[in-house]
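Going down the list, the protein sequences come from chains A and B. full-length UniProt numbering puts the first residue of the first sequence at 1, with every later residue one more than the last. full-length UniProt numbering puts the first residue of the second sequence at 1, with every later residue one more than the last. Quick reminder that beta carbons are idealized off the backbone N, C-alpha and C, glycines included. Below is one structure, written out as structure tokens; the observations come after it.
Number of protein chains: 2
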Amino acid sequence: GNESDLKLTPSSFLRIGQLSNVDLNEDIHELETEVPRQRPNEIPHNEKLLSLKYESLDYDNSENQLFLEEERRINHAAFRTVEIKRWVICAMIGILTGLVACFIDIVVENLAGLKYRLVKDNIDKFTAKGGLSFSLLLWATLNASVVMVGSLIVAFIEPVAAGSGIPQIKCYLNGVKIPHVVRLKTLVIKVCGVILSVVGGLAVGKEGPMIHSGSVIAAGISQGRSTSLKRDFKIFEYFRRDTEKRDFVSAGAAAGVSAAFGAPVGGVLFSLEEGASFWNQFLTWRIFFASMISTFTLNSVLSVYHGNAWDLSSPGLINFGRFDSEKMEYTIQEIPIFIFMGVVGGILGALFNALNYWLTMFRIRYIHRPCLQVVEAMLVAAVTATVGFVMIYCSRDCQPLQGSSVAYPLQLFCADGEYNSMATAFFNTPEKSVVNLFHDPPGSYNPMTLGMFTVMYFFLACWTYGLTVSAGVFIPSLLIGAAWGRLFGISLSYLTKSSIWADPGKYALMGAAAQLGGIVRMTLSLTVIMMEATGNVTYGFPIMLVLMTAKIVGDYFVEGLYDMHIQLQSVPFLHWEAPVTSHSLTAREVMSTPVTCLRRIERVGTVVDILSDTSSNHNGFPVVESNPDTTQVAGLRGLILRSQLIVLLKHKVFVERTNLSLVQRRLKLKDFRDAYPRFPPIQSIHVSQDERECMIDLSEFMNPSPYTVPQEASLPRVFKLFRALGLRHLVVVDNRNEVVGMVTRKDLARYRLGKEGLEELSLAQT
Amino acid sequence: GNESDLKLTPSSFLRIGQLSNVDLNEDIHELETEVPRQRPNEIPHNEKLLSLKYESLDYDNSENQLFLEEERRINHAAFRTVEIKRWVICAMIGILTGLVACFIDIVVENLAGLKYRLVKDNIDKFTAKGGLSFSLLLWATLNASVVMVGSLIVAFIEPVAAGSGIPQIKCYLNGVKIPHVVRLKTLVIKVCGVILSVVGGLAVGKEGPMIHSGSVIAAGISQGRSTSLKRDFKIFEYFRRDTEKRDFVSAGAAAGVSAAFGAPVGGVLFSLEEGASFWNQFLTWRIFFASMISTFTLNSVLSVYHGNAWDLSSPGLINFGRFDSEKMEYTIQEIPIFIFMGVVGGILGALFNALNYWLTMFRIRYIHRPCLQVVEAMLVAAVTATVGFVMIYCSRDCQPLQGSSVAYPLQLFCADGEYNSMATAFFNTPEKSVVNLFHDPPGSYNPMTLGMFTVMYFFLACWTYGLTVSAGVFIPSLLIGAAWGRLFGISLSYLTKSSIWADPGKYALMGAAAQLGGIVRMTLSLTVIMMEATGNVTYGFPIMLVLMTAKIVGDYFVEGLYDMHIQLQSVPFLHWEAPVTSHSLTAREVMSTPVTCLRRIERVGTVVDILSDTSSNHNGFPVVESNPDTTQVAGLRGLILRSQLIVLLKHKVFVERTNLSLVQRRLKLKDFRDAYPRFPPIQSIHVSQDERECMIDLSEFMNPSPYTVPQEASLPRVFKLFRALGLRHLVVVDNRNEVVGMVTRKDLARYRLGKEGLEELSLAQT
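Now the structure itself:
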């Protein structure tokens, strides 16, 4: 797009990256008085680049004449109908997201149960007569083959379904178009993939992907059609534009969180924290409605499935179980301890992210072929099973079976009536292990067991995140944290011999919060999610303290996991505010220039040539007064998008030059909506030589009041306008309202606050 | 301000109100195809007017040269210091708000205890020997005299401290300057006033005013000085502007909610729902921090005060008590019942608001003298006591004393070991009555008692809201709702004889939510507040359903109570979105015109004359190129505020005309900050005749990049820009960047969606 303009003007600021990797310490001195620390000499691939391959979404309505005419025709009652449709769609999003979550839960439970029973029977058989290596082989092979299928479909059919999908949804809500991210195919692969990953015994959770699934459902329903299935239900046509779709996707993401954790308020806050920039009361209320419906659907269906209809006891995919207020109260003296746990969580989280960073760099360089990715996933699955088996085998931690709630108790070498306690952690789905760590009575775990488990699981989870399978990182993080938190609690009660620290479950909860906070660095929403998942409000304050500490400590070292992956993808992501020290920059220095402008009445050939120019590939064009005398730079009259021009050309909306008095063919808004969102490329539209000489009148289709800034506006001011209104193009004009430049997402996203002050990322076509 | 411009152009739309009260049905037809319903002939005073007396706040930074120079001088480390200061201020806001809440709670508890014990002893004495009218007299006199003091200080010292303060804070966060609203004096009067109102036995709560108190504390602390006390601590000078102050006031309001209900997340959502337009992650996290600190402070101090230190069991001024999940689970069959309760709550809430509306109109017309206001407050206090006494006296509902938790059991004519059950509702602070209704075991109340109580309390609360005392409406609403909800629950169990409806406390809770929702129409935040106050997440879904139903039903009849009072004050309040049918209007029709512009180098006399012009009283002036040839309309160069001009004139920043080469005196940002927020009026600045002939160069002080819109922009587009960025002035320019008009808050707030389509309110100086 205009977004793709490489800056031609030399910048006086630090520009780091592949293209120009020079250390301009003098320039830094101009910016800050601090002496900058020396940077490492080798700057890794991809880190300080912005990719030009990502396009933006149009979150600002193009208020052209067609749109205004339609809006003016709609009366008050019709607007009420639109509003009711919005609510209906949100209810449908909630219901469907809840049902998808139910499906995942039930299938995983059954398949995983099958697998664990099979392996348990095998182990029980071989424990007596020796030859446990067969059991290991069975376990590892089962895992590897299930994961192979899960990885195959992701790697070969829809690679965007890999991972948790949270970074992708963050980008989408931020306004970056990630190809295929909200397609039906992605949903199918995601759902199958996550089931296979969890059943395959990887150190992953099924919660994160729910957010992505909810978003896809929302995007699909709100459009009333599926372009993949070529089915158009002819409903909800009013919502076929980026602005409306984004609002529903927010609701879908919230419904996903809500279904995953039984946390409807947390879901709303997640959507707002990660996505929204403009807080709108009605929108928020609708998002909340979708969230509530989602958790309620899940709850009802699962209650019926589990045979105790109407008791509504499973609001989410994971339930942390009841934390009784009496038993687990905290006192004011424990607060410093919680803060200390936050510090530990921050450090361990940063370590996790740093390791994962190097791993991801390695993967980008060497494991980019799909076959290799599948092999790696299988390897991880086999290793996970092996590590688990060896740990269980070596563990001599036996616990009485009576009174415990272990799902698949492995006896192994324990006495009769006892079970191997290491197996509760490894030989189980991670969700169940988390709940066990929270609620098993004191003394259920040997400290040695917990320590070993923490270390091994930490490395396994770190290795697993980033594999080509769909899977989330929430549950493994919680599990690691719960393990060391419980260990911490046990140590405390050993050390102090006081009954006040008696319950290690409380510390397991705080550890889980600290570890998760240290890895993903979410704040308000995570506090509320944890509060809702525990069903207990009293823990709010310590959880907040722990998360805040973990975030502050973690941010000192490296970024959060999701932000890190977004940056590794070189996505032009706009943060909340412009870098604090960027007041020295103005729109003049930031903007892309020169800008390709169109005249209000333009020759078709010119339009086609401009659109076909692959070297610039602009997406938005200022429309200027069509005075033939003026040069390119001229008074701004409007702004028109590539997608609009494509539709105009496709429908041959133009008149012969010799006969300008003829009326140009009229288009309706419906023509634009039908083409949305997959506009054809310019190459697919045939324009004959005669047609090239025709004229096209853009007045009716251009947005006559695009937002503009003067050249003197500072970067933070431009940024605020751009971010608050969700813009894609911002025209920079001079004192006479003449176009001098264009600011797009990439022009703003490239400025970043590095360790040495303001940095400017390079742009690249990768 | 320019905000004060009366529109000179005739409008083609409905203009209703005092100034031109004509029914233009033809015009309505142009807008909608629906046939409009006939409006009542008499349109009450004040309803369809916007007052011009309210000024706006500047939530958009004036990025002039001085500001940019300062920002550029600040390096990264210094910005970190600013950030740390923000956190420190938020912590202080939380602590102080918590302490103020503690103070109110402890004083009210002691004074009210004293009063009730006194009256109870008296009643006990006279029950035996007859002459209970003395007791009534004592009770009524005590109440009336306490309320008299409370009303006197409000009416004569600081009238803005009346009521709950929530409408005022809503306006402040919306960007309307309400005089005195965040002053220290207001806080003192508010705190004393609320104590006296509650002790005086009015049907009021002490929770709503906490929101106002928190806001004042925030505004005070963040400025590092008190203009009332004339103390400047020379700290936090960076925060002396409207933008920063607003952020802290949001945090203060959240801290207030948090202290009132023990609901930190609810507090954050309240601030966002009522105030913020731009969602900023860092800001939200700070607000949450202040909220958490506030409830934690309150909890700690009250725990220590009540002698059970460290148990942290009183997170808010009102605690709904523990709702045990086992005992009070709901089933799916109850959901239609809850929805029905929501409908009842919506209707009763609308009735409450409608009655209060007529009462307020009456008060505006006839009770505007402070003495009369005090007399009315005393009358209400006496009547409240009398009604309570008569109800208690007539009630024959006796309950066994054993096992009940009544604070001041009145025996009256009951047998020994029994108490009068009506007295638990009337002879107690409303907070305690609410908790009793939630938690007293089934059978504690006679249905007759509850019915009578609901009716009487409904009218008393309705009469009380709007009195010249500081007091909130949350608790009375909850109390009314809890009473009829409990009655409803009892009826259900009578009717069905099923044990599933056994616990009427659940229905009391839903009734309370429905009634409160029906009156105030808050949505997401109220759901979360109720969830947090009950400490129980499982009720989230039914509470949401109830609140949503109550809001939809209530909105069908009249507006919410706060919005109604804001409208009765004719405040130019900007809602979330422009009216849906306003696409037919453009900036050209909406803007105020003509605009008074200044030249970049302007004669001092001209500036003084323009500022002194009381007929226009503009607050923002576009600065245009100082070409002497051009007429008034000319290319826009910047925007300067009245307050900035005042500071310039005060510091004599100008040079003689004959000697333009001389350098004008330099001002620092500090000079503007020192004058903030009470800029002197122009009349207090003496400018001699010689000085009038001097020239003043505005280039350095004006904002060189004001936001602009073209004339063709539609009203929703202008509205979105204005609201999202928190603007005060938006310059309308033509194609040549020449100033043609100015859009201010009043130009946007006057368009409203009435029953018949788009309405245009009139502007008046009242």
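*Identify which residue in B:L561, B:Q683, B:K652 and B:E559 has its Cα closest to the Cα of B:I610.*
Numbered from 1 along the second sequence, position 610 holds the residue referred to as residue 610 of chain B. Taking only the C-alpha atoms, the option nearest B:I610 is B:Q683.
*Below 8 Å on the Cβ atoms is my guess for A:S592 versus A:K48; work out the distance and round it to an integer in Å.*
Start at 1 with the first residue of the first sequence, and residue 592 of chain A comes out as number 592. Start at 1 with the first residue of the first sequence, and residue 48 of chain A comes out as number 48. Going by Cβ atoms, the distance from A:S592 to A:K48 rounds to 19 Å, so no, they are not a contact pair.
*Find the residues of chain B that neighbour A:S714, judging by a C-beta separation of less than 7 Å, and give them in chain order.*
Working through the first sequence from its first residue, we reach residue 714 of chain A at position 714. Here the neighbours are E63 and L68.
*asked:* Less than 8 Å between CB atoms is the rule here; does A:A91 satisfy it with respect to chain B?
replied: Reading the first sequence from its first residue, position 91 is the one you call residue 91 of chain A. The beta carbon of A:A91 sits no closer than 8 Å to any beta carbon of chain B.
*Return the CA-CA distance between A:R37 and A:M210, expressed in angstroms with no decimal places.*
On the first sequence, position 37 is the one that residue 37 of chain A refers to. On the first sequence, position 210 is the one that residue 210 of chain A refers to. Annotation note: pLDDT 41 at A:R37 (below 50); position unreliable, coordinate value reported separately. Straight-line Cα distance between these residues: approximately 42 Å.
*By DSSP, does A:L114 sit in helix, in strand, or in coil?*
What you label residue 114 of chain A is simply residue 114 of the first sequence in a count that begins at 1. In the three-state scheme derived from DSSP, where H, G and I count as helix and E and B as strand, A:L114 is classed as helix.
*Compute the distance between the beta-carbons of residue 768 of chain A and A:V595, then report whether it is under 8 Å.*
The question about residue 768 of chain A has no answer here: the residues shown for chain A are numbered 1 through 766.
*Rounded C-alpha distance that separates A:I552 from A:V520*: Here residue 552 of chain A is taken as the residue at index 552 of the first sequence, counted from 1. Here residue 520 of chain A is taken as the residue at index 520 of the first sequence, counted from 1. Answer to the nearest angstrom: the Cα atoms are 12 Å apart.
_Min CB distance A:S51 to chain B below 8 Å_ = Within the first sequence, residue 51 of chain A is the residue found at index 51, counting from 1. It does not; no Cβ of chain B falls within 8 Å.
*Assuming A:C398 contacts A:A415 (C-beta within less than 8 Å), just tell me the rounded distance between them.*
Walking along the first sequence from the start, residue 398 of chain A turns up at place 398. Walking along the first sequence from the start, residue 415 of chain A turns up at place 415. With a contact defined as Cβ atoms closer than 8 Å, A:C398 and A:A415 qualify at about 7 Å.
*For the segment 180–189 of chain A against the segment 439–449 of chain A, are there 3 or more C-beta pairs whose distance is under 8 Å?*
Taking 8 Å as the limit for Cβ pairs, the verdict is that the segment 439–449 of chain A does not touch the segment 180–189 of chain A.
*Nearest-angstrom Cα distance between B:F557 and B:L516?*
One-based indexing of the second sequence puts residue 557 of chain B at position 557. One-based indexing of the second sequence puts residue 516 of chain B at position 516. For B:F557 and B:L516, the distance between alpha carbons rounds to 16 Å.
_Buried or exposed for A:M391, going by 16 or more other Cβ atoms inside 10 Å?_
Position 391 of the first sequence, counted from the start, is the residue given in the question as residue 391 of chain A. Answer is buried; the Cβ neighbour count reaches 16.
_Euclidean distance between Cα positions of B:V709 and A:A381_ = As a working note, residue 709 of chain B is residue 709 in the second sequence. As a working note, residue 381 of chain A is residue 381 in the first sequence. Here the alpha carbons of A:A381 and B:V709 stand approximately 59 Å from one another.
*Interface partners of A:P704 on chain C, CB under 9 Å*: Absent here is chain C; the protein component of the structure consists of chains A and B.
_Measuring alpha carbon to alpha carbon, tell me which residue in A:S705, A:K125 and A:V732 is nearest A:S714._
Numbered from its first residue, the first sequence carries residue 714 of chain A at position 714. Closest option to A:S714, Cα to Cα, is A:V732.
*For A:L379, name the three-state secondary structure that DSSP assigns.*
Along the first sequence, one-based indexing puts residue 379 of chain A at 379. Note: A:L379 maps to helix in three-state DSSP.
*Just reading off the beta strand (DSSP E) that B:Q399 is part of, what are its end residues?*
Position 399 of the second sequence, counting from 1, holds the residue named residue 399 of chain B. Counting along the chain, the beta strand (DSSP E) containing B:Q399 begins and ends at C398 to P400.
*asked:* Quick check on DSSP: helix, strand or coil for B:M522?
replied: To locate residue 522 of chain B, count along the second sequence from 1; it is residue 522. In this structure, B:M522 counts as coil in the three-state DSSP scheme.
*What is the rounded straight-line gap between the Cα of A:S197 and the Cα of A:M148?*
Residue 197 of chain A sits at position 197 when you count from the first residue of the first sequence. Residue 148 of chain A sits at position 148 when you count from the first residue of the first sequence. Between A:S197 and A:M148, the alpha-carbon positions lie close to 9 Å from each other.
_Candidates B:R231, B:Q168, B:T243 and B:G150, of which the one nearest B:G201 by Cα_ = The count along the second sequence starts at 1 and reaches residue 201 of chain B at position 201. Of the candidates B:R231, B:Q168, B:T243 and B:G150, the one whose C-alpha sits nearest the C-alpha of B:G201 is B:G150.
*Going by beta carbon distance, what residues of the same chain come within less than 8 Å of B:I157, once the five residues before and after it are set aside?*
Stepping through the second sequence from its first residue, residue 157 of chain B is reached at position 157. Counting only Cβ-Cβ distances below 8 Å, and skipping sequence neighbours, we find K185 and I189.
*Between the C-alpha atoms of A:R600 and A:F621, what's the straight-line distance to the nearest angstrom?*
Counted from its first residue, the first sequence places residue 600 of chain A at position 600. Counted from its first residue, the first sequence places residue 621 of chain A at position 621. Each residue's alpha carbon lies about 11 Å from the other.
*Note the first and the last residue of the continuous alpha helix (DSSP H) segment covering B:A140.*
The residue labelled residue 140 of chain B in the question sits at position 140 within the second sequence. Following the DSSP letters along the chain, one finds B:A140 inside the alpha helix (DSSP H) bounded by residues L132 to L152.
*Considering only C-alpha positions, which residue in the set A:F722, A:G757, A:K652 and A:L545 is nearest to A:I332?*
In the first sequence, counting from the first residue as 1, residue 332 of chain A sits at position 332. From the listed residues A:F722, A:G757, A:K652 and A:L545, the smallest Cα separation to A:I332 is found for A:L545.
_Given B:F541 as reference, the closest of A:A263, A:S643 and A:R117 once Cα atoms are compared_ = The sequence position of residue 541 of chain B within the second sequence is 541, counting from 1. Here the closest residue by C-alpha is A:A263.
*In chain order, what residues of the same chain have a beta carbon less than 6 Å from the beta carbon of B:F352, not counting five sequence neighbours either side?*
Taking the second sequence and counting its residues from 1, one reaches residue 352 of chain B at position 352. The residues are C462 and I519.
*Could you tell me whether any Cβ in chain A is nearer than 8 Å to the Cβ of B:P264?*
To locate residue 264 of chain B, count along the second sequence from 1; it is residue 264. Yes, contact with chain A.
*What do you reckon, are the CB atoms on A:G175 and A:Y59 nearer than 8 Å?*
Along the first sequence, read from residue 1 onward, the residue named residue 175 of chain A stands at position 175. Along the first sequence, read from residue 1 onward, the residue named residue 59 of chain A stands at position 59. Yes.
*For A:V182, three-class secondary structure by DSSP*: Locating residue 182 of chain A in the first sequence gives position 182, counting from the first residue. Correct three-state label for A:V182: coil.
*What did DSSP end up calling A:G741 once you bin it into helix, strand or coil?*
The residue given as residue 741 of chain A occupies position 741 in the first sequence. In the structure shown, A:G741 sits in a strand (DSSP, three-state: E or B).
*asked:* Please report whether the beta-carbon of A:F340 lies at a distance below 8 Å from any beta-carbon of chain B.
replied: Position 340 of the first sequence, counting from 1, holds the residue named residue 340 of chain A. No, its Cβ sits nowhere closer than 8 Å to a Cβ of chain B.
_Span of the alpha helix (DSSP H) around B:F453_ = Residue numbering aside, residue 453 of chain B sits at position 453 when the second sequence is read from its first letter. Counted as a single uninterrupted DSSP element, the alpha helix (DSSP H) harbouring B:F453 occupies residues P447 to T464.
*Would you mind sorting A:E656 into buried or exposed? The rule is 16 or more other CB atoms within 10 Å of its CB.*
Locating residue 656 of chain A in the first sequence gives position 656, counting from the first residue. The C-beta of A:E656 has fewer than 16 other C-beta atoms within 10 Å across all chains shown, which makes the residue exposed.
_Where the alpha helix (DSSP H) through B:A254 begins and ends_ = One-based indexing of the second sequence puts residue 254 of chain B at position 254. Per DSSP, B:A254 belongs to the alpha helix (DSSP H) from D242 to F261.
*Given 8 Å, three or more beta-carbon pairs between the segment 217–228 of chain A and the segment 413–428 of chain A*: Three or more beta-carbon pairs separated by less than 8 Å are not found between the segment 217–228 of chain A and the segment 413–428 of chain A, which leaves the two stretches without contact.
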